[in-house]
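Counting in the numbering used here, the sequence shown runs from 388 upward without gaps.
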Amino acid sequence: MSPEQGHKAGAGARDTTAAPPDGPRAGRLRGTPSRLEELRREKELGVRRTSPHSRTLAVLDGQTSSCLLGGRVQLQRLPSLFPPGLGGVGACLHGACPPVAGAAPAGPSRSAGPSRFRVLPGGELRACRQRMELITKQQASVAAETAAERKANNTSAAVGRLQAVSRRLCRELDAERVLQAQIRELLQKDESSMWHMAIQERQLEDAQKSALEEEEAGRKCLREQAAKQLRREEEAAEKAERNRLLRVRKSMYLQKEHGLRHQKLVEDAQRNRKTAVKFLKASLRRFREQEEQEEKEARAHTRRRMDAVLALKNSVTANRETLRKFQAWSQAKAELAEQKAQTEKEVLLAQGGDAFKHLFHQRRCQELEAQNRTFEEEQRLRKQEIVGRILKEAAKEEGRKRKQSSPAKARGRPTLREKTWNYVTDVCEERDTAVPSCHLLDGDGATHPRASQLLEAISSESVQGDPGNTSWEDDTLAEPEIPGLWKEDYKPYQVPKEEVDRKPVGGTKMDKDILARTVEQLRSRVTHRQVVSGREFRGRPFKSKPRLVHFKDFDIGKVYKKKITLTNATYTINYCKLVGVEEHLRDFIHIHFDPPGPMSAGMSCEVLVTFKPMINKDLEGNVSFMAQTGGFSVPLKCSTKKCALSLDKELIDFGSYVVGETTSRTITLTNAGGLGTKFKFLRISESCEMGIAQSAVKMSSVFTDEDKSFYDKIITSVSEQQIEGDASSPTDVPSQKESGKLDSKEQEEGRPPESEGVTMTTVVTIPHNEEPTEISLGEDTEGEIGPFSSVKVPVIFTPVIPGEVQTKFKVVFKNQQCPTLYFRVMGIAIDVPVWVPKPSVDLKMCMYDRLYQDSVLVHTRAKAALRLKFEVCRELRGHMELLPETGYIQARSCYAVQLKFLPRHSLPEDAGKYFDKESRVLEAPMTIRVADQIKPVVFTVHAVVTTSDLELSPSAVDFGYCTIYEAIRTQISLYNHSLLPQGFGFVGVPKFVDIQPNDGFGTILPLEMLQLDVIFQPTKAKEYNFELVCKSEINRCFKLACRAVGVHPPLELSHYQVKFAATSLYDMSVATLYVINSHVSMNSLTHSVPRIGSEDTSPVGPTSFEFLLPADSPITISPSVGTVLPGERCLIQVAFRPVLPSKLVHQEASQALSRPAEAKVLRKDTTSQKKDLGRQSFSTLRPQSPGRLLRNSTTPTAELDKQDLEFSSNEYQIAQATLARSFQGKFDKFVVPCVVASGDTKDRKGTEPLSFSPHNTLYLELWCPAVAPSVVVTSNKGKTVSDFGDVAVGHHAIKKVSIQNISPEDLAVEFSVLKPSGPFVLLNPISKLLTGEACVLTLSFSPRESSLAQETLDIITKRGTLSLTLVGTGVASMITCSIDGDVLDMGYVIAGESVSSSFKLQNCSTLPIKFSLQLDSLSRSRSEDQPRLPQFLTSRAQRTEVVGTQNHSGQSVFSVIPVEGIMDPGKAQDFTVTFSPDHESLYFSDRLQVVLFEKKLSRQILLKGVAREHMMFVEGGDPLDVPVESLTVIPTYDPEHREEAEELKPILVTLDYIQLDTDTPPPPATRELQVGCIRTSQVSPKKLPSTPGPLLPGSCAQPASPTCSSSVPQMVEFSLEGGTALQHKGFTIEPSRGSVERGQTKTISISWMPPADFDPDHPLMVSALLQLKGDVKETYKVLFVAQVVTGP
């Protein structure tokens, strides 16, 4: 609001049309605070302003005239104390002073602007009064209009509008009164400030004079102090000069001593170095010896392996010989069998028999025998499987028995398992048969003593005899008809003489001649000679192309075809006829040939040869033809796939190479055949058995079919394992001696050794990497070569040692038909010409950032100059350097290169693998590269790199806050990271710091850590930031940053250390000291003031303190909390009362109890020993007595440990007295902090702590010696505090305390006086206590109120005082209720029904409580209040009755159970409240009172409820009736006329739209209505029976009636009509219709925003109908009244 609007408002102008909705009053209120703030601001800045319409006096040039209290006062010129902005302070307070001459008359006026003119408080006060009068008049007129409207019975809207205007006028009047009070207060403050300023001016004039005098005196004092200071400075200078001379002499002495000490250290270091070198040489010698020993062992190991390889080779050779023997034997046997079959066939033919039938019958017999053997083998295997399962089950059963029970007893009868094992073992041992079963291996072989023998028999790798003839039972074994070679009595077959005399197979010579003549005759008949022109043709009549029909690399099952071209090579016509192929080719070769007839010379014909292989075997033969001139044939050959392997070279010569160089050659392995195989390149000395299968293929046929098949399986499995990988584990390798013995034995027996069995061995191969060599093969040394392919294998030559190198290699193949190929590799190694005689350069120990140099000599044996290039490894190029980098060395001379080593701190990260971070050893390889030489010359630089760092930990020390009355000690660690000892010293240490030991000087050993104490004691209050410098002997500085804050606390103690005299146990010694507050002035120039560091000075005033005692300490400080005024001191008493620890007393009591039991046990044991001596000998008694003694002695002790020792027993008292008498004394030291806070403890509000700083804490040190007491408490574990616990008010408790005199004399006893009106009473005081006597004191506690009581009872003797503390608590009865707010709302209930609710009362006290519950409606006092005026006739402020509407029947609306009872401590009681109304009302209420012990009212609970005749209800809106029913009887209507009698029920909803002055739009005005459906026990329509039943009382038989029905619907439907009209008026209602389930409520939200055409001065009134449909239909008229109000 502008100033013009403010003046208009002050004059009473009121424009309702132009003013905002909140009226001009709001603008005036908003402007008032701004004017007050402007007045204060101008008063501070001294702005001089005048107003033409205010009763003020002008303030010009610092002169002020004013009218105060009806009089005029002339003020003097006060330019400094009276600001010119206070021109308005002289205004008339009550308007009694006349206006100043020339001033404008009062009234509304327009100001010239806010920056130049303003209305002063005088005019504002007058305007305020005028506005108040105007508002009063307006209130009177509004009241008259309201009365007139009420008399005219107009609508409630007009009356409401007038009431709103009246309320607004009241608020404006209140605001004007507040403004008037503020203006008056401002005027009073200005008046008071004017007077204070005048008074202060006079005071300042006096102070100025005194200040000048003090200044002169101060100058004089300063001159005197300066003279004194000058004299002191001169004396100090002389003293400093003397000290300097002393320090010079002392430093010279220390330097000399340091030199001697340094020399001694150098000598010690040299001596230690010699010792270290000695030990190092010894270590190196041991290391070399160890290396030589390891080399010898390696050579021996290699030799043993070579011997093993040779033995394996011999074994393989022997096995091969054995296989050859088997092959020869098999071939011989086959030939014998073939001869025998041929002989039988000839015999049969000679006898005229059918040879084919005989052979067929013999073959069928053999097949039958084979089937029988197969069946027997299957039976044997099944028996083995059954036996294996039996063994498994027996093993599992035995294992279960062994787990469940103790070791089994010896059994007389053998079990099935034992029988089986015995049988199998007999079979294996007696029949000498190997059982190749894998099932028995699964059993538990360790459970039988002969299981290992069985496993050996089963897992044997030798094949002995015929495995097919082995059986498990003697009855079923079949003896062979023909004795085999395995029999010992076998004799070789002797050819009978009869067969020797027979004719040879080919017949006699005569038979042969006859046969030849016969064949010649047959040929001569078919062929004839061809003679042309006198020339006879001789030779092949036909030439074939190709000459040889060769089917190469065929596959079984495929068909191959080839054509043969036959050309007539005779002189004339010739004929050609196919004779056929040989007999062994007829099954595979088919010839297709069409005879061409006569063929002239040179003519040709074709022959098609078809080959279908059935067996994988080479075939050779001829295709025979017959010509006119004679027969001829074409050779035919069928060859299987074979390997044709070869090497391209057998010698590889590398020539000459320098040591260190690497070169390679390639050797090619070519396969020209159609079959691939696996190959492997090996050295000639290495072994790889790939030829076992070859021997197995050619095995002799002496074995039967089963023997061969079994042997073939073994050979195949072993050979495959060896070929697929050489990683097979080594097995038994027979030596040459054993093989020789075996061969000799077999030769002596006259039979081949193969008859006994074939022994399979596994060859052990030596890995390639175990034999270092200079010539090696590449990576691809083994693999598979395919048909018609080649493989290249690199051969690498890397010379290491000068000289000629030669190595032989071989290539072995998996296919045994491929022979082993051999080739040889040779080369010559030449030594390098340049070398370093010292390959290891040792730089010893080196420090970081320091330069180390050494010289390296390089020699050459070359006959010409060479160029050398010196290289440092890349990782160390930043730390190490070789100079020069390039040089030339002359022929047969030496060259020196300079090595510079400057290790940086980044060496561990840069060096990487060359530096060991744990041992700090550097091994750097250096390289010398020679021109035209591939192998460089390498030497190594060794150094132990260490640091010279000294580490101070922590890196920074913060002493924190330290008072000037104490010193703080902290510990720092100095760690030497170097491997060398170093001297150190702290230099430049400040005076307030001390370092111990040895004042911070010393020597630290390698990797040693020293602990140093740094002591800081400030001299004044300030912030300390300093550094402690530690220098090493190499002048390296290590700094330790220190920080501290010096504190000068406001208080100080007269004594910071208290030493108590020797005090007896349970006695007390008291010492006194003072807490002094010497802070009386804030002047820091004259003396040091209390402060924390550089902070502000502590204020002068009362200062409080508090002593914080440690837990469980025997110290008492009184007062522990107090306040000390400036310049004063407070007396403090410190009491020391020592006591005995309870654990020590309990231990003593336990030991005292155990002593009699131990003595009793000892006596009993001694008696038993005497009895045993008479019965047993000493030898028998000796081992038994210690155990018995131990058992008998430990049992009572365990029983004593289990006993519960009562601390109030005599044993405990005796133990405590014993410890007290034997107490030798004890000394304790305690440090008690004293916290200081500014202010008085009495001024603090409640529990609010005073402002204090923990840095102002003082510390008190107490020395506490304790001695044995004279009187002690022996009860309650020796505690001197007797706690009676919780006792109910009005009751009493008794407690007994036992005391004992343990002094050597009798003591007279006196007692202190307890409070006469207190709850504690001593019932049996005594006067004397004899020595050693114990007395029991009886104490009583009777509380009279609920509070904590505590008193002290002193037992006074001449040797000391024993204080007993008596504590007890009076407890009042307390209960808690589970109801929040003390209101129990039962909700809505249909009249005639009831509802129940429960709550709990909890007994929170430790005592049982008797309770009773009372209702106000049933109380006697209510009947006395009946004659009073009815509540509905009184105003709301006068209504005090809490009992509302009651039932018409006279019964109570509310009932509660139980009514009375007793609640145990800590228990809860459940109560049930029942609400049973008999008619409809909204104001059922009652009050439930909980009474304890029949007289104490503990709690009041307000019971409320609402009853409706129907199931629907509406809540919300403004109240329109009184909460108390009248005495008028509500008329009842018939059901038929009820609808006619129904009228609309009004609901008033008022919405206030608050308009704010801010730019943000205000929220809409909102209200809510609740529509609910009461949960009832009446039957719903879904549950009604189909047939009408008997009517209940009060029910109606008309089902069509809407008001009375035997059923109640499940829900209530509601709808609000007129929603469109309401929306036009700015109302929003959600939802406008819906339904509510039983026992639920639904909210109707109503919000209103004023429309654009709304008049703020006229409230908006709109009505709508709300219909509810349930068991009946109800209609409510909802009246919405909306208005706009202004915000705060």
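Even for Gly, the Cβ is constructed at its ideal location relative to N, Cα and C.
All of these numbers come straight from a predicted model, not from anything done at the bench.
Counting C-beta pairs closer than 8 angstroms gives fewer than three between the segment 1411-1430 and the segment 1454-1469, which falls short of the contact rule.
With contacts defined as CB atoms closer than 9 angstroms, Leu972 and Cys963 fail to qualify as a contacting pair.
The alpha carbon of Gln1687 has as its nearest neighbour, out of Tyr1646, Ile1742, Arg1731 and Ser1669, the alpha carbon of Ile1742.
Scanning its chain for C-beta atoms nearer than 7 angstroms, with the 5 sequence neighbours on each side dropped, one finds around Glu563 the residues Cys515, Arg518, Met519 and Ile522, in chain order. The segment 503-540 is shown to contain whole alpha helix (DSSP H) runs of 4 or more residues at 508-538, in chain order. Within 10 angstroms of the beta-carbon of Lys1797 lie fewer than 16 other beta-carbons, which makes it exposed. Fewer than three pairs of CB atoms, one per stretch, sit closer than 8 angstroms, so the segment 1159-1167 makes no contact with the segment 1006-1026. Per DSSP, the continuous beta strand (DSSP E) segment holding Asp1381 begins and ends at Val1380 to Gln1383. Taking C-alpha positions only, Pro1652 is separated from Leu1637 by approximately 36 angstroms. Between the alpha carbons of Asp1303 and Tyr1235 lies a distance of about 15 angstroms. Taking a C-beta distance under 9 angstroms as the contact criterion, Phe1492 and Thr1503 do not qualify as a contact pair.
In the three-state scheme derived from DSSP, where H, G and I count as helix and E and B as strand, Glu1191 is classed as strand. Going by DSSP, Thr1763 is part of the beta strand (DSSP E) stretching over Ile1762 to Cys1764. Of Pro1437, Glu1439, Gln1444 and Leu1367, the smallest CA-CA separation from Ser1419 is found for Leu1367. When the Cα atoms are used, Glu1262 and Pro1174 turn out to be separated by approximately 53 angstroms.
Inter-residue distance for Glu678 and Glu1073 is about 28 angstroms (C-alpha atoms, whole angstroms). Membership of Thr1390 in the beta strand (DSSP E) is indicated by the continuous run Phe1388 to Ile1391. For Gly984, there is no enclosing alpha helix (DSSP H), as DSSP gives it neither H nor E.
Restricting attention to Cys1233, Asp1040, Ser1505 and Phe2067, the CA atom closest to the CA of Ala1216 is found in Asp1040. In this structure Asn1464 is buried. Its beta-carbon is surrounded by 16 or more other beta-carbon atoms within 10 angstroms.
In the DSSP assignment, Gly2006 falls within the unbroken alpha helix (DSSP H) covering Gly2006 to His2011.
A Cβ-Cβ separation of about 38 angstroms leaves Leu1361 out of contact with Met1313 under the 8 angstroms criterion. Tyr2063 is positioned such that its CB atom lies closer than 9 angstroms to that of Leu1931. DSSP places Leu1366 outside any alpha helix (DSSP H), giving it a letter other than H or E. Scanning its chain for C-beta atoms nearer than 6 angstroms, with the 5 sequence neighbours on each side dropped, one finds around Ala545 the residues Glu536, in chain order. Judged by beta-carbon spacing, Ile978 lies within the 9 angstroms limit of Leu965, meaning their Cβ atoms are closer than that value. DSSP places Ala1298 inside the alpha helix (DSSP H), whose first and last residues are Leu1294 to Ala1298. When secondary structure is reduced to three states using DSSP, Thr1605 falls in the helix class.
DSSP, reduced to helix, strand and coil, places Val1376 outside both helices and strands of the structure shown, so it counts as coil. CA-CA distance, Gly1214 to Ser1227, rounds to 31 angstroms. In the three-state reduction of the DSSP assignment, Ile1002 falls in the coil class. Rounded to the nearest whole angstrom, the CA to CA distance from Thr1484 to Ile1519 is 26 angstroms. Counting other Cβ atoms within 10 Å of its Cβ, Gln1404 reaches 16 or more and is therefore classed as buried.
Residue pairing for His937: DSSP places it in a beta bridge opposite Lys1024.
Taking 3 residues as the shortest admissible run, the segment 1725-1795 contains the following complete beta strand (DSSP E) segments, listed from N- to C-terminal end: 1735-1744, 1747-1758, 1762-1764, 1770-1777 and 1782-1790. Burial of Glu559 is indicated by the presence of at least 16 other C-beta atoms within 10 angstroms of its C-beta.
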